[in-house]
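Residue numbers (the numbering used here), protein chains in the order written: chain X, 1 to 329; chain G, 1001 to 1283; chain R, 2001 to 2342. Let me begin by presenting the structure, written as structure tokens, before commenting on it.
As structure tokens, then:
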């Protein structure tokens, strides 16, 4: 850490680093050393982050052990902390998001990669990239003022009237809750699924398609039975990436989930997610056990996203390489 | 045509149309968001919004001048932290490093990139706020800076690697030292790409709210210096959106419009820079 | 271009350094209950003393206690007095104590949004406890309806709204419910962030008001001014002498009358469910938490000056914002206590 903070001022204005570079021009070794320090600081920061999360959650880890993940009591008055409702809320909202986002995202990616002329595909992709850049708090703003009333007035009563016999769609229509958070999350992760899946689909070698078409497949059959299975790994990767995003998403979820630690089969029920409880309670958690329990939640979130991201990257890289390998032969 | 073939053709046509619908829906969301923000934000935005401090709670009027300046300071600091580390780290990765170290650094950067922003907030709180005993611009800028590092690092590295081999070898053949080659040939050649990477990283953190909640906190007044809590646009949108006051909702829309406008413009500019720059082969 | 950017940077840095020197910034954080009052006070005081900015962030009473103990803010604010354990933690950490200064008094009201019902409702303590325990789930439940003859209540599900953050408003509310309901006391208890049996969470008084306002058939509890300034109805509550009292400043003052005469030296006192026919039962003082020792003399003097002003001229702003002024006895006692700040 010390290296990075002390080194910053000497780096000077970023794009104007040429004069700074020129001073260093003489020694390759000095340059190597300095750039190494910057690179090493990235590793240091990451290690420090893991260390702080681990160190910061000593108390609840010792006191509750694994029961932290199994119990659902979150009671700061009696210093009892169980993370189950938050983990549940995080997984359920992310699950709802994927159920909506995956078909839509993959459908759109197929259109962009297989059907649309390059020009249209690139233009649409440009818009999709812009959509991915919209900050979380803006989705939250629109969620609070558009999605929540819409859910309360139309969608939830509608679902109750048609599918109300399912335990999923029972209880009062609050507007906020798991379903609403899931829908907002779906809108947020669709761009990620589209972008990555499109890339992967584009990397499928042309001869795969041509072979299928020449055997008499329709366009859709060649896409669905040949191209998509070929890119399956990468598409799965994009889904994991989206899942990791959805799990860690904070602001938009906090604004529409209802902020109540409940475990309920009904998607109309208000809930809570890990990120949301940290956002709401971290500044005001009194007592070491309370604060550290929140940090442990942070650790859980970190590990979840870490595993998912790693998995996603592996899948995407493997698929692209497979495509590239086939392309060369 | 046999009925079966006709059916297959129908399925093909139908499914392909559906994929088109999916694409249109996805893109329509962007225009819906933009349209709604322009409609609501546009009618709420006024000169006061840019020049006045927030009014006391419950009173109408006031603006977000302090939040705009606060965001600018936070982002400046974030850039000063994130860009040098990302840029020089990338040079090391692309030009100097061998296998193992590069792998570790890349791995760490990818890890950092995936960390949820709220966790970055916790980290910045324990690392900066607690020891310095102050919520501050410094802590907020630090948190945002951390988030800029991996984005800058990984894309800069990619652009450096995309510089044609011939350029490198040419410079080396003329007897230039490695560092001279990097600073006079490779970096200038990848200049546009790097600038794009930095701009995109900047745009990404400009809208971040979660890490600011426990670092920059908020401020009703101007935040003097760097060691005081500061208001910021995204955090103000959050506070104002969940509050009951109509006038605050109005201002939240206005702030949303300003923030989104800024982010989209940076994104478009960044892409424009790139598309006119060196050709980067698609992987 | 680069030079211009560099120049801009230098100017910005210099400007902010010069700026930092000329104004004194004091940071406080805590309760949302008195936030409208404090933001008005700090705004007015800033107009009188241009070189002093007191920045107050409403992050909840729990947050106020935590952050002042951590030393990340200069002072805290809370609607629940710190308990012995918290005082000890503070003492251990800083080697000196922390003082409570009541600033104003307020009422926590049961506010609701029932489409088609514009009348002011009456709530018995049993009804309130039942609703918040999740035992009473429909608006037309006899427990509510019996106290409101003449009002047609719908058969809709009640949506309970409570605070999602550590809150002094919650403490006042649950402190009251604990005093009037044994079941509440046993299963939930009084505290800043209890384990709620039912309901939606909103962040801050602002968040609860916003949620009630946006959610049909909901009930929540907020500080009086949040209900008034947002024009949402709030109900009368039956007090310990059996009369239904509409929340008002006079009713809050009546609740404080007893406590004012026997104020303990550290000002930590609860006035929920207070005796007296006119007393509104869910009333409370709200406190500023100010460290006994300051390392920075200029901050100390500025805060002392502000406190004196708030207890004197500042009190005149209270009523227009629906807070009750402090009783005279309490003000006199506090003015003496200010000297304890060193």
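C-beta: ideal position from N, C-alpha, C; glycine also. Note that the structure is predicted; figures quoted are calculated from it, not measured.
Outcome for residue i when other beta-carbon atoms lying within 10 angstroms are tallied against a minimum of 16
i	result
residue 206 (chain X)	exposed
residue 1047 (chain G)	exposed
residue 245 (chain X)	buried
residue 2079 (chain R)	buried
residue 1181 (chain G)	buried
residue 118 (chain X)	exposed
residue 321 (chain X)	exposed
residue 29 (chain X)	exposed
residue 1174 (chain G)	exposed
residue 1007 (chain G)	exposed
residue 1237 (chain G)	buried
residue 1092 (chain G)	buried
residue 1267 (chain G)	buried
residue 2091 (chain R)	exposed
residue 2032 (chain R)	buried
residue 1194 (chain G)	buried
residue 2163 (chain R)	buried
residue 317 (chain X)	exposed
residue 2336 (chain R)	exposed
residue 51 (chain X)	exposed
Closest residue to residue i among the options (Cα-Cα distance)
i	options	result
residue 143 (chain X)	X:288, X:252, X:269 and X:162	X:252
residue 2125 (chain R)	R:2225, R:2281, R:2085 and R:2267	R:2281
residue 45 (chain X)	G:1074, G:1273, G:1168 and G:1085	G:1085
residue 237 (chain X)	X:218, X:219, X:194 and X:276	X:194
residue 1037 (chain G)	X:145, X:57 and X:249	X:145
residue 1131 (chain G)	R:2073, R:2085 and R:2077	R:2073
residue 1249 (chain G)	X:88, X:50 and X:141	X:141
residue 2067 (chain R)	R:2301, R:2297, R:2289 and R:2047	R:2289
residue 1122 (chain G)	G:1217, G:1199, G:1170 and G:1069	G:1217
residue 1227 (chain G)	G:1089, G:1135, G:1126 and G:1098	G:1135
residue 1229 (chain G)	G:1117, G:1066, G:1052 and G:1005	G:1066
Cβ-based neighbour list, residue i, same chain, cut-off 7 Å, excluding 5 preceding and 5 following
i	result
residue 189 (chain X)	97, 101, 242, 245 and 246
residue 2089 (chain R)	2069
residue 1058 (chain G)	1245
residue 2340 (chain R)	2099 and 2292
residue 2081 (chain R)	2100, 2268 and 2287
residue 86 (chain X)	261, 272, 273, 274, 277 and 297
residue 1055 (chain G)	1061 and 1062
residue 8 (chain X)	Low local confidence applies: a pLDDT of 38 at residue 8 (chain X) is under 50, so the model's placement there is unreliable, and no value is given.
Cut-off 8 Å between Cβ atoms - residues of its own chain near residue i, not counting five sequence neighbours on either side
i	result
residue 1095 (chain G)	1160, 1178, 1182 and 1186
residue 2227 (chain R)	2109, 2111, 2209, 2233 and 2234
residue 308 (chain X)	240, 241, 243, 244 and 247
residue 1282 (chain G)	Residue placement at residue 1282 (chain G) is flagged as unreliable, the pLDDT there being 41, under the threshold of 50; the coordinate-derived value follows with that caveat. Excluding residues within five positions, none has a Cβ falling inside 8 Å.
residue 1033 (chain G)	1260
Residues of its chain near residue i, where Cβ-Cβ distance is below 6 Å and the 5 sequence neighbours each way are ignored
i	result
residue 2057 (chain R)	2029
residue 311 (chain X)	240
residue 191 (chain X)	128, 131 and 132
residue 328 (chain X)	With a pLDDT of only 42 at residue 328 (chain X), under the threshold of 50, the placement of this residue in the model should not be trusted, and no figure is reported.
residue 151 (chain X)	175 and 180
residue 202 (chain X)	113
Worksheet item: Between the segment 2182-2206 of chain R and chain X, which residues of the former have a C-beta closer than 9 Å to a C-beta of the latter?
Response: 2188, 2189, 2190, 2191, 2192, 2193, 2194, 2195, 2196, 2198, 2199, 2200, 2201, 2202 and 2203
Worksheet item: When Cβ atoms are compared, which residues of the segment 152-184 of chain X fall closer than 7 Å to chain R?
Response: 172, 174, 175 and 176
Worksheet item: Are three or more beta carbon pairs between the segment 1154-1164 of chain G and the segment 1101-1121 of chain G nearer than 8 Å?
Response: yes
Worksheet item: Taking one C-beta from the segment 2058-2073 of chain R and one from the segment 2192-2210 of chain R each time, how about it: are there three or more such pairs within less than 8 Å?
Response: yes
Fill in: Near-chain X residues of the segment 1248-1280 of chain G - C-beta to any C-beta below 8 Å
1249, 1252, 1253, 1256, 1259, 1260, 1263, 1264, 1267, 1268 and 1271
Practice prompt. Give the residues from the segment 52-82 of chain X that approach chain R closer than 7 Å (Cβ to any Cβ), ordered along the chain.
Written response: 73, 74, 75, 76 and 77
Practice prompt. Name, going along the chain, the residues of the segment 1130-1163 of chain G whose beta-carbon falls closer than 8 Å to a beta-carbon of chain X.
Written response: 1146, 1149, 1150 and 1153
Discussion item. By the 7 Å beta-carbon criterion, what residues does the segment 2158-2169 of chain R contribute toward chain X?
Written reply: 2159, 2164, 2165 and 2166
Discussion item. Tell me whether the segment 1134-1144 of chain G and the segment 1066-1078 of chain G touch, counting them as touching only if at least three CB pairs, one residue from each stretch, are closer than 8 Å.
Written reply: yes
Worksheet item: Going along the segment 1006-1039 of chain G in order, which residues come within less than 7 Å of chain X, judged by CB to CB distance?
Response: 1008, 1009, 1011, 1012, 1015, 1016, 1018, 1019, 1020, 1022, 1023, 1025, 1026, 1027, 1029, 1030, 1033 and 1036
Fill in: Near-chain R residues of the segment 241-265 of chain X (beta-carbon distance less than 7 Å), N- to C-terminal order
258, 259 and 260
Worksheet entry | At least three beta-carbon pairs within less than 8 Å, the segment 197-212 of chain X to the segment 157-165 of chain X | no
Discussion item. Closer than 7 Å between beta carbons: that is the criterion. Which residues of the segment 1045-1062 of chain G meet it against chain R?
Written reply: 1056, 1057 and 1058
Fill in: Residues of the segment 2227-2248 of chain R whose Cβ lies closer than 7 Å to any Cβ of chain X, in chain order
none
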